[in-house]
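Plus 889 on top of the position in the sequence shown (first one is 1) and you've got my numbering.
All residues carry an ideal CB built from backbone N, CA and C; glycine is no exception.
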Amino acid sequence: MNLATLITEELGAGACPDGLGSVGITGVCSDSRSAQPGHVFVALSGSRSDGAAYATDAVKRGAVAVVADRDSDVGPLSVPVIRVPDARLAVARLARGFYGLGRLQGQGRFPVVGVTGTNGKSTFAFMVRALLQRAGRRPAMLGTIEYDLVGRKLDAALTTPDAVTLTQHLVEAARHGADSAVMEVSSHALDQRRTDGIRFSTAVFTNLTQDHLDYHGTLENYRDAKRRLFELLDRDATAVLNAHDPNCDHMAAACKGRVLRFGLDSRADVRGGVLQADISGGTFVLEYEERQVTVRTPMVGRHNILNALAAAAAGLSLGLELDVIADGIARLSNVPGRLERVDTGELGFEIFVDYAHTDDALRNVLSAVRPLTRGRLWCVFGCGGDRDPYKRPLMARAVTQGADRYVITSDNPRTEDPLKILHDIERGVANTDRERGTTIADRRDAIHHAVNRLEPGDALIIAGKGHENYQILGTQKIHFDDVEVAREAVARRRMAACAH
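What follows is the structure, encoded as structure tokens:
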């Protein structure tokens, strides 16, 4: 492809300097280590490093041009330098143009559903994939748990990959037969313009509670990063918003197109009336306009009924019928690490593993399991290192208010002192609640401690990791799977019971 043509089509004629007409390109990259002969290297500035410092390395590896912010110092180079107002926006658009995503999405083809929010994104994405599959479509899915590219599945390195990788994944999925996609869109990705090359047909807002303030600084900045997804929508797109969230109207104000609100009351356009909720899941009446259908989801908790309503609204925005939506939701039995049940057999207690890692998510899972628990409700939880420290006491407060017994433990301490993290969490525990819990730094020991004390009728939630199968200590990833450890602890309980 001709570089001048790509620059003109994606960034405008004013961005194209003289002399580019004869430059041919073979790819776009923003990591100098992946630069190959013929690539355009886009120098991105970040909180940890400045891509401008790697421009020379990219050229040595074969880059034939460099795109950089207007004030970025890339040094003297032997290749053309294209100056732009926003390199992050530029890389998303250049990737879209070079790899063909713009052509793929032309005339409304290859609809993409994007979901943002603090909690519920993964469950929503799995639900939408299920109902699209039920409708006979072949959706790709990208999110926290996995990248399903239809032809192959990859472990997810990031909730939302960088702009180039994201574009390549969507185009690859289409090449393998995907006709649509659903993807989780993180606040980091929105702030960094990673999704600016995508034409979203539907954008969904699940909720907003405190998280990632280590990155965004304030809750308002975090909210406004989420809002960007709705600012990207064209007039023919649909915004699907949680009517119960106080930020709903703030998101709606950013939309140029149709807005569908979902919820459990009459304010919502897509409404749900709960008929039953227990350990086996939930049943609700789904209403839209003058139509209604009864929906059964095997997933536990009121928050999952809200997730199902969000998925239903997204399905309606894509033209799916209510009965297809209901059947698709019913077919999804579980999402890895989202209130995932561990088999305890005849022992008489319940164990769930969940990804909850904010105070709001903890309240949701505890309130979901509380009505289903005849005995005591236990919770094992921790907080990640090198992440938002302000939520640590808030998470402790949520657990001590929602659980009868708790164990504070480690959860990916990374380069922080694990004991300092535990101390930060403990600051949220009131003096009157201290006798109901304990702190055990080793996560395996903490899980065994809780399982060994469960009695018939009790329930245990092991929170924080969910689908993750690792623990990050320092800069090392060590295999650790909450489900595996819980099964190991249950097996020991069974052996002890047999011995007696």
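| Query | Result |
| --- | --- |
| Environment of leucine 1308 [buried if 16+ CB atoms lie within 10 Å] | exposed |
| For glutamate 1229: DSSP bridge partner residues | Val1242 |
| Where methionine 1072 sits in the DSSP three-state scheme | strand |
| Between the CA atoms of aspartate 1277 and glutamate 1178 - distance to the nearest angstrom | 42 Å |
| Aspartate 1167, DSSP secondary structure in three states | strand |
| Histidine 1077 versus Asp1125, Ser1090, Gly1106, residue with shortest Cα-Cα distance | Gly1106 |
| Burial state of asparagine 1008 (16 or more Cβ within 10 Å) | buried |
| Threonine 894 versus glycine 910: straight-line alpha-carbon distance, rounded | 8 Å |
| Start-end ranges of the alpha helix (DSSP H) lying completely within the region 1319 to 1380, minimum 4 residues | 1332 to 1341 |
| Nearest-angstrom beta carbon gap, phenylalanine 1151 and alanine 1202 [assumed within contact, 8 Å] | 5 Å |
| Alpha carbon of valine 1258 to alpha carbon of leucine 1149, nearest angstrom | 29 Å |
| Touch test, the region 995 to 1013 against the region 1095 to 1110, Cβ-Cβ under 8 Å, three pairs minimum | yes |
| Per-residue DSSP class, three states only, for glutamine 1290 | helix |
| Arginine 1116 - DSSP class collapsed to helix/strand/coil | helix |
| Contact set for isoleucine 896: own chain, Cβ-Cβ below 7 Å, skip 5 residues either direction | Ala904, Cys905, Leu909, Ile971 |
| Cβ-Cβ distance between alanine 1339 and valine 1296 below 7 Å | yes |
| Integer Cβ distance of alanine 981 from alanine 924, believed to fall under 8 Å | That belief does not hold up - the Cβ atoms of alanine 981 and alanine 924 are roughly 18 Å apart, past 8 Å. |
| Residue(s) in a DSSP beta bridge with isoleucine 971 | Val956 |
| Coarse secondary structure for lysine 1390, derived from DSSP in three states | Within the shown structure, residues of the chain are numbered from 890 to 1389, placing residue 1390 beyond reach of any answer. |
| For valine 1231, the nearest candidate out of Val1224, Phe1241, Pro1225, Ser1222 (CA to CA) | Phe1241 |
| Whether arginine 1191 touches alanine 1019 by CB criterion (7 Å) | no |
| Close Cβ partners of aspartate 1216 (< 6 Å) along its chain, the five nearest in sequence each way excluded | Arg1023 |
| Glycine 940 classed as buried or exposed, judged by whether at least 16 other C-beta atoms fall within 10 angstroms | buried |
| Three-way DSSP call (helix, strand, coil) for phenylalanine 999 in this model | coil |
| Burial state of serine 919, where buried means 16 or more other Cβ atoms lie within 10 Å | buried |
| Meets three-Cβ-pair contact criterion under 8 Å: the region 1125 to 1134 and the region 1055 to 1066 | no |
| Per-residue burial, lysine 1260 [other beta carbons within 10 Å of its own, 16 or more giving buried] | Reading the sequence as shown, one finds proline at residue 1260 and not lysine. When all chains shown are included, proline 1260 counts as exposed. |
| DSSP three-state assignment for leucine 1261, whether helix, strand or coil | helix |
| Residues near tyrosine 1279 by beta carbon distance below 6 Å, same chain, minus five either side | Leu1102 |
| Residue nearest to threonine 1262 in terms of C-alpha spacing, selected from Asp1293, Ala1245, Leu1251 | Asp1293 |
| Straight-line Cα distance separating leucine 1362 from histidine 1368 | 11 Å |
| C-alpha distance - leucine 983 paired with isoleucine 1350, whole-angstrom precision | 45 Å |
| 6 Å CB neighbourhood of threonine 1012 in its chain, flanking five on each side removed | Asn1196, Val1224, Arg1227 |
| Test item: CB-CB of valine 861 and alanine 1335 under 7 Å | As shown, the chain starts at 890 and ends at 1389. That puts residue 861 outside it, with no answer to give. |
| Spatially closest choice to glutamate 1357 from Val1001, Arg1342, Pro1345, Val1374, by CA coordinates | Val1374 |
| Which residues DSSP lists as bridging alanine 1128, in chain order | Ala1092, Val1148 |
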